[in-house]
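Colleague:
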Amino acid sequence: MKNKELKNMGIKELNDLLIKEKDNLLKLKLSHAVSPIENPKKITHTRKKIARILTNVKLKSKENTNKK
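In terms of the working numbering, the sequence shown opens at residue 4 and continues consecutively.
#1: Can you tell me which of the three DSSP states S64 falls into?
#2: Over what stretch of residues does the alpha helix (DSSP H) that includes E24 continue unbroken?
#3: I need the DSSP call for K5, collapsed to helix, strand or coil.
#4: Can you give me the Cβ contacts of K45 inside the same chain, cut-off strictly under 7 Å, excluding the 5 residues immediately before and after it?
#5: Label K56 either buried or exposed according to how many other C-beta atoms from any shown protein chain fall within 10 Å of its C-beta, with 16 as the threshold for buried.
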């Protein structure tokens, strides 16, 4: 998911996506621990995606507090 797409999402959508990605990361880590996954870079990409989502959530919440 591109950063532009994340900026257009609301906080609730971002939080839902964050939960989904954290679950995905957990599943990837567990499956990699049991047997090596085909593409271990998926773990890194998922972690980076979670970081992007968290950054956008913090920016949106900061904007909302500044508007009040």
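Note that the Cβ used here is the ideal one computed from N, Cα and C, for glycine as well.
Modeller: The structure says:
#1: Residue state, collapsed to three classes: helix.
#2: From DSSP, the alpha helix (DSSP H) with E24 extends over 14-37.
#3: Reduced to three states, the DSSP call for K5 is coil.
#4: Cβ within range, chain order: L31.
#5: Note on identity: in this sequence residue 56 is Ile, with Lys being the wrong assignment. With a 10 Å radius around the Cβ and a threshold of 16 neighbouring Cβ atoms, I56 comes out buried.
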